[in-house]
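Chemist: Below is one structure. I have some questions about it.
Protein chains: 4
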Amino acid sequence: MSGSSFGTHFKMTTFGESHGEAVGVIIDGVTPGVELTEADIQVQMDRRKPGQSSVTTPRKEYDIIRILSGVFEGKTTGAPLAVMLNNTDMKSKDYESNRRLFRPGHADFTYVQKYGHRDHRGSGRASGRETAGRVAAGAIARKLLERRGVSIVAYTKEAGGVKCETFDETVIEKNPMRAADLNAAERMVNRVEELAAAGNSCGGVVECIIRGVKPGIGEPAFDKLDAELAKAMLSIGAVKGIEFGAGFAATTMLGSEHNDGMDANGFMTNNAGGIVGGISTGQDIVFRIAVKPTSSISLPQQTVDEDGVEHTIQTIGRHDPCICPRVVPVVEAMACMVLEDLYKRHTALHD
Amino acid sequence: MSGSSFGTHFKMTTFGESHGEAVGVIIDGVTPGVELTEADIQVQMDRRKPGQSSVTTPRKEYDIIRILSGVFEGKTTGAPLAVMLNNTDMKSKDYESNRRLFRPGHADFTYVQKYGHRDHRGSGRASGRETAGRVAAGAIARKLLERRGVSIVAYTKEAGGVKCETFDETVIEKNPMRAADLNAAERMVNRVEELAAAGNSCGGVVECIIRGVKPGIGEPAFDKLDAELAKAMLSIGAVKGIEFGAGFAATTMLGSEHNDGMDANGFMTNNAGGIVGGISTGQDIVFRIAVKPTSSISLPQQTVDEDGVEHTIQTIGRHDPCICPRVVPVVEAMACMVLEDLYKRHTALHD
Amino acid sequence: MSGSSFGTHFKMTTFGESHGEAVGVIIDGVTPGVELTEADIQVQMDRRKPGQSSVTTPRKEYDIIRILSGVFEGKTTGAPLAVMLNNTDMKSKDYESNRRLFRPGHADFTYVQKYGHRDHRGSGRASGRETAGRVAAGAIARKLLERRGVSIVAYTKEAGGVKCETFDETVIEKNPMRAADLNAAERMVNRVEELAAAGNSCGGVVECIIRGVKPGIGEPAFDKLDAELAKAMLSIGAVKGIEFGAGFAATTMLGSEHNDGMDANGFMTNNAGGIVGGISTGQDIVFRIAVKPTSSISLPQQTVDEDGVEHTIQTIGRHDPCICPRVVPVVEAMACMVLEDLYKRHTALHD
Amino acid sequence: MSGSSFGTHFKMTTFGESHGEAVGVIIDGVTPGVELTEADIQVQMDRRKPGQSSVTTPRKEYDIIRILSGVFEGKTTGAPLAVMLNNTDMKSKDYESNRRLFRPGHADFTYVQKYGHRDHRGSGRASGRETAGRVAAGAIARKLLERRGVSIVAYTKEAGGVKCETFDETVIEKNPMRAADLNAAERMVNRVEELAAAGNSCGGVVECIIRGVKPGIGEPAFDKLDAELAKAMLSIGAVKGIEFGAGFAATTMLGSEHNDGMDANGFMTNNAGGIVGGISTGQDIVFRIAVKPTSSISLPQQTVDEDGVEHTIQTIGRHDPCICPRVVPVVEAMACMVLEDLYKRHTALHD
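Chains as they are written, first to last, in the working numbering: chain A, 7 to 357; chain B, 7 to 357; chain C, 7 to 357; chain D, 7 to 357.
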């Protein structure tokens, strides 16, 4: 199959292209009898949607979701939930002029190589629009995880070279960068606006913290908690790396420094990021992802068309100069999907 | 299931614990009619086995593999290949004294939390010994990939704080660190021996380069080539992070710097690491993994036992002061598994 | 997961309940570059839809499908196809009076046992309405199979005790029973109308013949062609049995009678039904399924409610007195799904 | 992959050919902490092994199993269990003379078509020998199911045209046919010996009864309990059909006859065979399978060789004139695998 499903015991299957009729998702394996409304999902969609501020694309998608199945009289039935969003405010004509050109950093070249032809409008299936379905599914997973006492939060730790120096979780949703440090957020916004004005873009680092996961979640050997999270995160378009706990810094540490000792109160440090041997320790699970600068920039770039003829291209369309704040809810959604799946797997094993 | 299988169209399932009777693997989906001998597998096992030098554990496992099925008169039959290795030279008594203690950095605590009880001898299922089956399976995948013109090489790029400054592929198998720079290798060995003598350990960075993959390999949205590689690599015990192409460095680059432009000769740079939109570009695929310092050190560390009583522990046993050189063949094996699987998936899609 | 997906290399995932907002399906793994229109699908939907004749339910669903994704400029893109049908002409109120009663032969009791609560309107997820998504997916599989030279036809071989005595493929779509014998069809219709008038129902036998499958399709040991077809058919609501080739008659045959010998022209007989060792022989694949009498009858029946209190129930609603003719396109659809999946698996193995 | 795995939440993967070095199975997803010995498995292997009586092959395989992993100090660890049997008493030379001939009823022709070449010795992977791994896995599933109060029994209901007229479960293991009626058993033995002496073979019907399954087990829409059982049974070599409850007899019943009404004591009849809507009702689960006559007979038969040249073949080797009694433990094993898997899936859904 072409990779549109994620999860084994709790599974989502997404469909839809940027400029098609609709995007959506089927979530299979939802615990029956759980109260769920469209508002539970919509609140997460609104965090992901474009047009929220100067640092994101002005494109307005009006991501109004509909639950098509799986809920009856306000409760999940155990049948698959289908959630759909119609595509609106699509300006497909924006893409006509560059139709046969390979936009640098985009999947245009690889899609043509893979499929022979492609939907050139707004990246088609490769568009960030596909993540709308993920966020809808993640909202449901989040509801299920809340019953378990699990909470997930992600934020922009660094963007455009500006780093958060403090961590204040309460401010994340109060600044357009979704940074955890208001001072840094202000400097990030300035930097991003400056780059946007210059027709350029920047990347950043998003950190995710998962609290309340009981020890024992994750399946050796191949389906380790960190392995599943890594796959989930690298499946997000602009992500180029991931690290857990001390991460790449661990490569220059000594064993005596990196090992997390224990005393009667539990672990004394958390260099491991809450996962040892692929299984949760009960500590906070901490990972960071590397987000590349947005590929769509309006500066002229060199490329070729489908015949190999050289062109200078200026990507037209409405794009995010820094995708980090909009990646945050997608990271959370994918983390939710991984955890709910692994919880169910753990329970099934012990059944 | 408990996570012992990897792959969808080309799949391995491993079994076995460090100090059990045997370890092994079943590989399902092997192309029929391909010439294969036990020597094809043994050569890779010999690269992984312990006891090769001063920088690895002196434990000798005599990893002599046997093919139990799936090959007839020197050719694969299309039936599953089972490959087995008996465990030998096990010193289970080494582990008795610390039987109820949680060794820092090891999966002892998490296994007890997950399973209730555990095989304490040499980490049981969580042992690096489990990777023997992976290397056997990877050797078969490598044979299949060779027919496609694909080659895979990994090496220790950094260890104990010492970095390779040059890249000479021909020296990798000629130094005990599997570094690609003989000068750096010498300094790495010195540093590792020094740490080993002090009862400590260190981590490092392993880089993998895959050549000859045609454009178009990898499946959006969830089973992207980089997502699958990330899962594969994070499923290896000591790995705490992965990055593709420019990786974390991309987070401080601008879009105009990071985008790989094209001219009539193809891509002009490879910041993407050979993967765009989760699909191979035809360029070299390049990624690096963060390897943590080996958890087993003989310096005293603070821990608790299964009742929460505090102890000082000194990990006895024969261990690798730096696991990087032995991780190299495992990284290659897992990369081979991912690629052969995705090649077959690509072909099936177009069928 | 809750069992809403079918297939491994070519996969469908269905959603929707009888009286929910919509039903539909996502098909993943569709070969890119194949011409496909909504009409290709609609023609099969029209064969499945209710209200076609006196022997089927007068309920009208107006099964107008929409393709939401995966097709661009008339060709499949390789991205997942989502196909949706809005539910219309639903008379949910019909079900209110018996809301807490377990209708005999229906999944009411088992759904309450499994899920705790249920959508009582028209069987919810257990409704035959779920098969609309299957037929849509099957129509796409059929397009792909046509390129391979494979054709699939099913028909009502027996209904209400009346058997086809001849086989004329050209008449199947020309009689309301989808029988292959016009004389038998007339007697079947009479019998079914008689039973319907009496508030009763009957079952029958549907036979499926698949032509043009090359030898070699099917995967031992567990995913044999007949095993996959058996699962596919038993997943259809009213099906209670399946047999291949000589089937249950083989149980009283001798080896010398049952074995299909070969001469220079190939197989001399086809007692095996075109499958040996789980792999296609290249002959016609032939199987028959047992269809139980429709559970919904208007004769009074004894049952209990959710509290175990006894009631007499008369199932109200518009139902099929004999479901065989409407099972026919579902059987064909499922057979198409199995075959396209196994073709792709065969190709992937040999890649 | 080539179909060597079965199950999703509780999974087995088998390997091995009739005349290879060994056969075996990996079982993944085994509940940790369950007491398990090799004797628990051996007792089932002994029921399956050849050479038990005049009605089975005199070939002696000495199926002595070894557990290679997954059990520590007498209890399952949660890691995959590998169970292996060495192949012994193989008379590969028996097969040399007919090496290039297609034995009627065997998978010789289809394997050559599928794989290009084949292991001709004793049917290779297509041999009934592959079921040894299944029986080992099923023995473990049975242990897990016993904790749930589930019991599984199968028996030969009919063989060589002789039917059981009574059902006495206590005699099944006390007669070589594994019939449930000693009088019928005696007549079956006479008939089978007579056929064996004449170089012929016969088929029969095996019935399986599963008791103690709680209501609610099975997953709509595709992974229905009956669909999974059908796949499991049709994956057994000689099986050509399956029916549940009234089965094919339901095709001539009326709705008023077939529907199972309920009163205050529960279901009043069990025409459904304990499964409605793909979900267990809590009643006995009852199904029957059609077993074809053994393909290997010593009467001369007409066939061709790999070049299409016609030959008369007499299958040499030691074979079962009626495979029913040896199919019985395989049927039970597969039923155990299906049920334990679906129990775990049910629990995961509700988690």
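Beta carbons: idealized from backbone N, C-alpha and C, even for Gly.
(1) Should the region 28-43 of chain B be called in touch with the region 121-129 of chain D, which here means at least 3 C-beta pairs below 8 angstroms?
(2) Beta-carbon within less than 8 angstroms of D/Val-5's beta-carbon, same chain only, minus the 5 sequence neighbours each way: which residues are those?
(3) Please work out which residues of its chain come closer than 8 angstroms, Cβ to Cβ, to C/Met-274, disregarding the five sequence neighbours upstream and downstream, and give them in chain order.
(4) For the candidate residues C/Val-245, C/Asn-92, C/Asn-277, C/Pro-226, whose alpha-carbon lies nearest to that of C/Met-259?
(5) Start and end of the beta strand (DSSP E) containing C/Ala-160?
(6) Tell me whether B/Gly-243 is buried or exposed, calling it buried when 16 or more other Cβ atoms sit within 10 Å of its Cβ.
(7) Using the DSSP secondary-structure output, state which residues sit across from C/Thr-311 in a beta bridge.
(8) What is the rounded straight-line gap between the Cα of D/Arg-72 and the Cα of A/Phe-228?
(9) Give the single residue among B/Asp-290, B/Glu-44, B/Phe-173, B/Val-89 whose Cα lies nearest to the Cα of B/Ile-223.
(10) Based on Cα-Cα distance, which residue from B/Gly-139, B/Thr-62, B/Glu-249 lies nearest to B/Gly-22?
(11) Give a yes or no on whether the minimum CB-CB distance between B/Gly-30 and chain A is below 7 angstroms.
(12) Counting only beta-carbon atoms, is A/Leu-355 nearer than 7 angstroms to chain B?
(13) Residues of the region 37-59 of chain B in Cβ contact with chain C at a cutoff of 8 angstroms, in chain order, please.
(14) When the Cα atoms are used, what is the spatial distance from D/Asp-174 to D/Asp-187?
(15) Assess, as a yes-or-no matter, whether the region 126-146 of chain D is touched by the region 203-222 of chain D under the definition of 3 or more beta carbon pairs within less than 8 angstroms.
(16) Measuring only between beta-carbons, confirm whether C/Phe-115 sits less than 7 angstroms from chain A.
(17) Just list the beta strand (DSSP E) runs in the region 265-299 of chain D, keeping only unbroken ones of 3 residues or longer that don't cross its boundaries, in chain order.
(18) What are the uninterrupted segments assigned as alpha helix (DSSP H) that are 4 or more residues long and contained completely in the region 207-271 of chain A, given in chain order?
(19) From which residue to which residue does the alpha helix (DSSP H) around C/Phe-115 run?
(20) So, is the C-beta of D/Gly-314 closer than 7 angstroms to a C-beta in chain C?
(21) Would you mind telling me which residues of chain C sit closer than 8 angstroms to B/Asn-35, beta carbon to beta carbon, in chain order?
(22) I'd like to know whether the C-beta atoms of C/Ile-158 and C/Asp-232 end up nearer to each other than 7 angstroms.
(23) Starting from C/Lys-350, find everything on chain B with Cβ-Cβ shorter than 8 angstroms and list it in chain order.
(24) Residues of chain D with CB under 8 angstroms from C/Ser-241, in chain order?
(25) Could you please give the first and the last residue of the uninterrupted alpha helix (DSSP H) stretch that includes C/His-317?
(26) Can you say whether D/Thr-300 is buried or exposed, counting buried as having 16 or more other CB atoms within 10 angstroms of its CB?
(27) Excluding the five sequence neighbours on either side, which residues of its own chain have a C-beta within less than 6 angstroms of the C-beta of C/Glu-200, listed in chain order?
(28) Report buried or exposed for D/Gln-50, applying the criterion of at least 16 other Cβ atoms within 10 angstroms of its Cβ.
(29) Which residues mark the beginning and the end of the beta strand (DSSP E) in which C/Val-31 is found?
(30) Using a Cβ-Cβ cut-off of less than 7 angstroms, give me the residues of the region 73-86 of chain D that come near chain A, in sequence order.
(31) Note down the Cα distance separating D/Pro-327 from D/Gly-9, rounded to an integer number of angstroms.
(32) Rounding to the nearest angstrom, what Cα-Cα distance links D/Val-77 and B/Pro-226 in this structure?
(33) Taking Cβ-Cβ distances below 8 angstroms as the criterion, which residues of the region 120-150 of chain B are in contact with chain D?
(34) Using CA coordinates, which residue listed in C/His-352, C/Ser-304, C/Met-90 is at the minimum distance from C/Lys-220?
(35) Between which two residues does the alpha helix (DSSP H) harbouring B/Val-334 extend?
(36) Pair every Cβ in the region 14-33 of chain C with every Cβ in the region 339-353 of chain C, then say whether three or more of these pairs are closer than 8 angstroms.
Modeler: The short version:
(1) yes
(2) This structure gives no information on residue 5 of chain D, because the portion of chain D shown stretches from 7 to 357.
(3) Asp-266, Gly-267, Met-268
(4) C/Asn-277
(5) Segment 157-165, the beta strand (DSSP E) holding C/Ala-160.
(6) By the neighbour-count rule (16 or more Cβ atoms within 10 Å), B/Gly-243 is buried.
(7) Just to set this straight, residue 311 of chain C is Asp in the shown sequence, not Thr. C/Asp-311 is bridged to C/Leu-107.
(8) 25 angstroms
(9) For the set B/Asp-290, B/Glu-44, B/Phe-173, B/Val-89, the Cα lying nearest the Cα of B/Ile-223 is the one of B/Asp-290.
(10) B/Gly-139
(11) no
(12) yes
(13) Thr-37, Pro-38
(14) 6 angstroms
(15) no
(16) Output row for C/Phe-115: interface = no.
(17) Runs found: 291-297.
(18) 231-240, 261-264
(19) 114-121
(20) yes
(21) Sequence check: residue 35 of chain B is Gly here, not Asn. Correct list: Ala-354, Leu-355.
(22) Taking 7 angstroms as the cut-off, the beta carbon of C/Ile-158 is found no closer than this to the beta carbon of C/Asp-232.
(23) Ala-354, Leu-355, Asp-357
(24) Ala-227, Phe-228, Asp-229, Lys-230, Ala-233, Gly-284
(25) Careful: C/His-317 lies outside any alpha helix (DSSP H), inside the beta strand (DSSP E) at 316-319.
(26) buried
(27) Result list for C/Glu-200: empty, nothing under 6 angstroms.
(28) buried
(29) 28-34
(30) Gly-84
(31) 28 angstroms
(32) 39 angstroms
(33) Lys-120, Tyr-121, Gly-122, His-123, Arg-124, Asp-125, Gly-130, Arg-131
(34) C/His-352
(35) 330-356
(36) yes
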